[in-house]
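First comes the structure, then the notes that go with it.
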Amino acid sequence: MYQFAKIKDNKKRLKDFTDHFRGVSTKYLGNYLYWFKWLQYFKHEKETVKGQSMFLHSASTNIEMTLYEYRDRKPLFV
73 MYQFAKIKDN
83 KKRLKDFTDH
93 FRGVSTKYLG
103 NYLYWFKWLQ
113 YFKHEKETVK
123 GQSMFLHSAS
133 TNIEMTLYEY
143 RDRKPLFV
């Protein structure tokens, strides 16, 4: 079970992440959460290998989606 302090810390880090945008659309909230989780995955790596690890992780999956399919996809929460 999570402790209250850990939940509060996660909320603060997520808020700090979303504050960089000019509002977060609830239509794409799932995308923001996945992006935040992906960045947290590399949080503890050294700066010298962080960029390389992020690039390899992002390029290792095969994505077969066009820009139009991405833009016109159905929102997760609607």
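Residue numbers for the sequence shown follow our numbering, beginning at 73 and rising by one. We treat Cβ as the ideally placed atom computed from N, Cα and C, and that holds for glycine. These numbers come from a predicted model, not from an experiment.
Q) Can you tell which of L86, K80, I79, L139 has the C-alpha that lies nearest to the C-alpha of Q112? A) Answer by Cα proximity: L86.
Q) Can a CB atom of chain B be found closer than 7 Å to the CB of V96? A) The structure shown has no chain B; it contains just one protein chain.
Q. Would you report the Cα separation of E117 and W110, rounded to the nearest angstrom?
A. The alpha-carbon atoms of E117 and W110 are separated by roughly 13 Å.
Q. Can F89 and F108 be called in contact, C-beta distance under 7 Å?
A. Judged by beta-carbon spacing, F108 lies within the 7 Å limit of F89, meaning their Cβ atoms are closer than that value.
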